[in-house]
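Structure first, then comments.
There are 4 protein chains.
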Amino acid sequence: MSSNTFGKLFSVTTFGESHGPAIGCVIDGCPPGIAIAPDDFRHDLDRRATGRTRHTSQRNESDEVEILSGVYESVTTGTPIALLIRNTDQRSKDYAKIAEQFRPGHADYTYWQKYGIRDPRGGGRSSARETTMRVAAGVIAKKWLAQHFGVRVQGFLSQIGEIVPHGIDLSVIEDNPFFWPDAHQVGELEQYMDALRKSGDSVGARVDVVATGLPPGWGEPIYGKLDGELASALMSINAVKGVEIGDGFAVVAQKGSEHRDHMAPGGFASNHAGGILGGISTGQPLRCSVAFKPTSSLRLPVDSLDVHGNVVEVVTTGRHDPCVGIRATPICEAMVALVLMDQALRHRAQCGDVGSVTPRIPGSEPGG
Amino acid sequence: MSSNTFGKLFSVTTFGESHGPAIGCVIDGCPPGIAIAPDDFRHDLDRRATGRTRHTSQRNESDEVEILSGVYESVTTGTPIALLIRNTDQRSKDYAKIAEQFRPGHADYTYWQKYGIRDPRGGGRSSARETTMRVAAGVIAKKWLAQHFGVRVQGFLSQIGEIVPHGIDLSVIEDNPFFWPDAHQVGELEQYMDALRKSGDSVGARVDVVATGLPPGWGEPIYGKLDGELASALMSINAVKGVEIGDGFAVVAQKGSEHRDHMAPGGFASNHAGGILGGISTGQPLRCSVAFKPTSSLRLPVDSLDVHGNVVEVVTTGRHDPCVGIRATPICEAMVALVLMDQALRHRAQCGDVGSVTPRIPGSEPGG
Amino acid sequence: MSSNTFGKLFSVTTFGESHGPAIGCVIDGCPPGIAIAPDDFRHDLDRRATGRTRHTSQRNESDEVEILSGVYESVTTGTPIALLIRNTDQRSKDYAKIAEQFRPGHADYTYWQKYGIRDPRGGGRSSARETTMRVAAGVIAKKWLAQHFGVRVQGFLSQIGEIVPHGIDLSVIEDNPFFWPDAHQVGELEQYMDALRKSGDSVGARVDVVATGLPPGWGEPIYGKLDGELASALMSINAVKGVEIGDGFAVVAQKGSEHRDHMAPGGFASNHAGGILGGISTGQPLRCSVAFKPTSSLRLPVDSLDVHGNVVEVVTTGRHDPCVGIRATPICEAMVALVLMDQALRHRAQCGDVGSVTPRIPGSEPGG
Amino acid sequence: MSSNTFGKLFSVTTFGESHGPAIGCVIDGCPPGIAIAPDDFRHDLDRRATGRTRHTSQRNESDEVEILSGVYESVTTGTPIALLIRNTDQRSKDYAKIAEQFRPGHADYTYWQKYGIRDPRGGGRSSARETTMRVAAGVIAKKWLAQHFGVRVQGFLSQIGEIVPHGIDLSVIEDNPFFWPDAHQVGELEQYMDALRKSGDSVGARVDVVATGLPPGWGEPIYGKLDGELASALMSINAVKGVEIGDGFAVVAQKGSEHRDHMAPGGFASNHAGGILGGISTGQPLRCSVAFKPTSSLRLPVDSLDVHGNVVEVVTTGRHDPCVGIRATPICEAMVALVLMDQALRHRAQCGDVGSVTPRIPGSEPGG
């Protein structure tokens, strides 16, 4: 029950500090027979990487994945898969002067209170660098889900500050640096981000994730509900302050007659539920949404305390993202994929005999 | 890793169907020496119970708790505590005609797809009746947290439909049937609910929970974060579609300079974070918020499908809440208490030696 | 991770004290669609029950199982199955005088040291009465294993004191009160046990369990090995002090050329390994052996201490087994069945795709 | 619930194949503040290492431990500790010709049946090389146990083939290559092992482990019993076929009046129980014993099958131990230490308040 492990059957244990020798993970419970090579990780790690555009942190992480175990002749063997990435661009000197300071809005103070000691270099274990390994593990989950079920997991930015998309076109999100679903707004966003960066401030964002191709039946009531585990998975990402499934907080103002999704011979008539009822997938697209806070690492000075209780002025001069939500898109996708793969294996364990005897009605086809 | 078990060290396993012989739970890992008697459960179970006012379901559950084990001479012994409540007011005939129908917005269809079989009486396992045992287990957690740390967990309704409180006064929430924090609006709510009930429709709600008295240091990074576990705990409650910590989705439009909570010698200057940084408690009040969908069990007829794929008209004539969020307030409190108690024990296990050597700075006092 | 829960996917949580209101269990993760009725439990519970013959404790436990949940119209639904047995023959007065004494060889002292409090009535939670629920849960596992794989789990007594069977005939073990595999020795055992009972003393025993019909491939390296989990399962039974797999401690004096089981086209030539290699089943019969200590509850007086550190004379006048190993036979079977079912489900989860592509060679047929 | 993870709170996840790039582990849940440096691992890793004497495998493993995370300025921080050892002496050519053969007595066949694929180089994941990381993790556990409780864990060989010690003197076990407790027999053992090696055969062994300094109260009934977890921990070591606690299988022939350990004001009068009653430590020395089978990797040819079902002659020409039990001594110690540390943390979590109110009677002092 390590708290650095995610997943019950497809278990991912991550380790490593931002400026330590390396970060890595151990993936256990992976089915044998999946073709995996180091290059498979490149696409999603590049999507998450810093330094790709001027709108993200300029830290240059090479993120070369070494496969240490669990893969023989480029195929998974069913034994633990260990992945390792050496930290190459560490620049610890950026952080030396804040070793005794508590940066407001950061985990400095809470780690120090909990453990009585902390690694101050770049946030140590609390750095978002840890999420690199979530993305790497998610690559394997995405591949298996696609091959076995045709599941596709896709994330996009649905809000930056007060800017929202005018339309949703998932085909354009990989063509701009913001994972933004409306190509016409990219220029506006460029200007907004440039101004933000110059101001030294940061801003929040909302990320949506849609997963299609799920069969009905994934998810385990009561405390292993699909939505409950998605909530935990997404809330565990650095800077997340809210999670919604389907219509999310909009349901508060809805009437039951409006919210309940009708079933008809051609499929569900709508998808307010976001593809989950009673914690179990309906077969409709899974929809969830995540709120990212603005990073607290700003060039703008702020008063705070040091470990001795003295007032100090904190100025963060390191390389930070003005909007951490942007690069978080592939991280959200990865966490959704990890939840789905784990639930798929768990469903097969308990209900492996059910599929053959249960007729599927039309409503179970992905629709809505 | 039973999916009907919640908590790693303070583990609660629930069982039982809405209209089966009984519901119950087994609480394991409870510290010895806590005074517990059947009467201790009455207050919170009454707060959750149906039939107290005309604004909730008229099902009359007596909810008499029998303690089957783990308590000797009214004190916990450290062995598993089993609690049992017999189902007395079952009226299965209400549900007989929908045994082969899928009620829109319910788990009927997903349970049937997952398991190939379901108990149709009153929703079976997917009924909110299961949450009775969460409240019962939460009573023990609340008691221990209060005695050992002075922690207090309090929930209230912060929105029904489009109605929001004009003010927040926690001292009045137990004085009205809505757990509403503004006494002046109670009349308005009575009228609103009466009209809603007559219309045969239902509406969503938002519940806020505040926990005070937490020491800094509770919560385990990375996948055992305090906020991650709260998200899972709260999303696992029936009808929940969204969870927020601190400012929640409002952070999307915030600037970093606005969001980050300053630390000063007198304590934190604000609490946008909701009492958690890096997944660990700061010592400030914990704040979270939950969205409840409107129930789909309505007197208003709706087309749906049956297990053979035929179109059927569904009319729910059972006794249902027009706003399930109201009675959910003590359930949310219970889930928060269970998370906190579990994390408190886990913190003591790993960091039991730390407290004595770590000075507490003024900023660690509950403030903001 | 409740320590009163056994099994990762097929999870059994037991509760209850020897002389409390009831004992029970919650079985989670059970596949749906298994026919189960209260009568199914009777056979194995009777085999474990006291009071059947003069050679076991004369405590008269009725052991009527009530199914509280998880079964609808006599078929498992995939939701948690709660079983309950009320304690009817409690006679707490037998134990009143030893409430402050520590009985040598019992858990009185260790429970008191660990928890600072204990339920002294009949051993409380440490009583072998808890194993009733293991047997009940094992009934479901045995049934599923038999139906799906033709697995049969059978235990027998292979030693009492210094008496060993002259021959092994599994067809006779249900025909005598000792689960003894040699019908010619039953008279000798009757006399031995009568003399032992009159002496007021007790004796140890060895129980063997054989499971046939296992496919190759069950078991998870490294810490989830089939033999590792059997060892834990069997050692967790009251009074067990040793566990062997296959040839067990006899391997210490063996040569490698003697021990290694040859594979030939007709199957394995021998089964020194006991059906497990590298923690995974070979397809041969599974063989294990368990050592039960003699009970320490004797009519023979013994000096001990009380909770105040004073010397006291302890005489146990309650109803106790002169050889606890006898009734332990069905308990051992149940634990083996629980391990096998759990591993079968785990194997299906991770390796559900493998079976269809892996050819089985003759050596995989149960032989040896 | 990764099966490559050991321990609930002090969790050790190992990875790596015998001839892959590296082996390693991730230790989570470690208390902060423990001083750890790479040199700390050297002593126990050397004790386990091959190539030290002519009596063990001549494979030359350098076993240089790199600490990748969780340690800052040579002190544990409470975050996951990742340890890495590169495999340097791989000689895969030794194993090439048996890639399609099933070595009798090895996991070749079972891995292939389970996963449909296996890494044949040196046994892959099933190699005893994995136990290196158990020893490394055990070093941290031993250090913490010694510092906090004065616990000492010591193993020794108590039988090779049919040779048993004439006396037990723990002070001499580190002075001979056999961890043998009787200095006068070392010459005899040298001759025995030389003859065995020349014969091309192998032999089994028995290892005893004693842990002193345990307080009473460690261990969690029912399925988390201290002895149950020791059994699982020890049985999970490669080649183990039996585990005993205290008097082990000798209890089968004992009488209750002989077995039960009397309590007296000066402490326990004996220790047949091996320091555990009801799954909880008594405060006496913990005693357990483990049976190691003779390795099946012999120069002596043997008939077997290949993956196509053909009969083949298998001759193992690699470097193997004639008695794997010898080097297993520090592995057994490590597993005992890991169990004890995990239980110590779990005891602190649940019963952290008990110690201060429970008087310790003289019987709780390590005696017997």
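Protein chains in written order, with the UniProt record's numbering: chain A, 1 to 368; chain B, 1 to 368; chain C, 1 to 368; chain D, 1 to 368.
Glycine is no exception: its CB is placed at the ideal position from the N, C-alpha and C atoms.
Cβ-based neighbour list, residue i, same chain, cut-off 8 Å, excluding 5 preceding and 5 following
i, result
"T358/C", "Because the pLDDT of T358/C is 41, which lies under 50, any placement of that residue in the model is unreliable, and the number read from its coordinates should be weighed accordingly. There are no such residues."
"H106/D", "G123, S126, S296, S297"
"V203/D", "I160, G161, L196, P294, P322, C323"
"V251/C", "H259, H272"
is_contact[residue i, chain D] using C-beta, thresh 8 Å
i, result
"H55/C", "no"
"residue 399/C", "In the structure displayed, chain C extends from 1 to 368; residue 399/C sits before or after that span and is not available."
"M133/B", "no"
Residue-chain proximity (residue i, chain A), Cβ-Cβ < 8 Å
i, result
"L345/B", "no"
"T79/D", "yes"
"K225/D", "no"
"residue 373/D", "No answer is possible for residue 373/D: the residues shown for chain D start at 1 and end at 368."
Below-8 Å beta-carbon distance, residue i vs any chain B residue
i, result
"N238/C", "no"
"D208/A", "no"
"F156/C", "no"
"G279/D", "no"
Cut-off 6 Å between Cβ atoms - residues of its own chain near residue i, not counting five sequence neighbours on either side
i, result
"V26/C", "T13, P80, A82"
"E40/B", "In the sequence on display, residue 40/B carries Asp and not Glu. V139, listed in sequence order."
"E100/A", "D306, V307"
"F15/A", "G24"
"S11/B", "T5, D28, G29"
"P32/B", "T76, T77, G78"
"A231/A", "V243"
Neighbour-count burial assignment, residue i, 16 or more Cβ in a 10 Å radius
i, result
"A195/B", "exposed"
"G325/D", "buried"
"V336/C", "buried"
"I168/A", "exposed"
"R287/D", "buried"
"N310/A", "exposed"
"H166/B", "exposed"
Same chain only: Cβ atoms within 7 Å of residue i, ignoring 5 sequence neighbours per side
i, result
"residue 385/D", "Outside the displayed range of chain D (1 to 368) lies residue 385/D, so it cannot be described from this structure."
"A136/D", "C25, F41, L45, V65, L83"
"D63/A", "L45, A49, I85, T132"
Neighbour flag for residue i against chain C, beta carbons, 8 Å
i, result
"I34/D", "no"
"L338/B", "no"
"G105/D", "yes"
"L83/A", "no"
The segment 223-237 of chain B / the segment 252-272 of chain B touching (three or more Cβ pairs under 8 Å): Between the segment 223-237 of chain B and the segment 252-272 of chain B, the count of C-beta pairs closer than 8 Å stays below three; the two stretches do not touch.
Any beta strand (DSSP E) of 3 or more consecutive residues that is wholly inside the segment 137-182 of chain C: List check, beta strand (DSSP E) in window: 152-160.
Segment contact, 8 Å Cβ cut-off, at least three pairs: the segment 67-76 of chain D with the segment 328-337 of chain D: Not touching, per the Cβ criterion.
Touch test, the segment 243-261 of chain D against the segment 197-213 of chain C, Cβ-Cβ under 8 Å, three pairs minimum: Verdict: yes, contact present.
contact_flag[the segment 1-16 of chain C, the segment 335-355 of chain C] where n(CB pairs < 8 Å) is 3 or more: Result yes; three or more Cβ-Cβ pairs closer than 8 Å.
Start-end ranges of the alpha helix (DSSP H) lying completely within the segment 257-305 of chain B, minimum 4 residues: Fully enclosed alpha helix (DSSP H) runs of 4 or longer: not present.
Start-end ranges of the alpha helix (DSSP H) lying completely within the segment 49-126 of chain A, minimum 4 residues: Entirely contained in the segment 49-126 of chain A, the alpha helix (DSSP H) runs reaching 4 residues are, in chain order, 93-96, 108-115.
Contact between the segment 214-223 of chain D and the segment 275-282 of chain D (3+ Cβ pairs under 8 Å): Three or more beta-carbon pairs drawn from the segment 214-223 of chain D and the segment 275-282 of chain D are found closer than 8 Å, and the two stretches are therefore classed as touching.
Within the segment 300-354 of chain D, ranges of the alpha helix (DSSP H) (whole runs, at least 4 residues): If we require 4 residues or more, the alpha helix (DSSP H) runs fully inside the segment 300-354 of chain D come out as 324-351.
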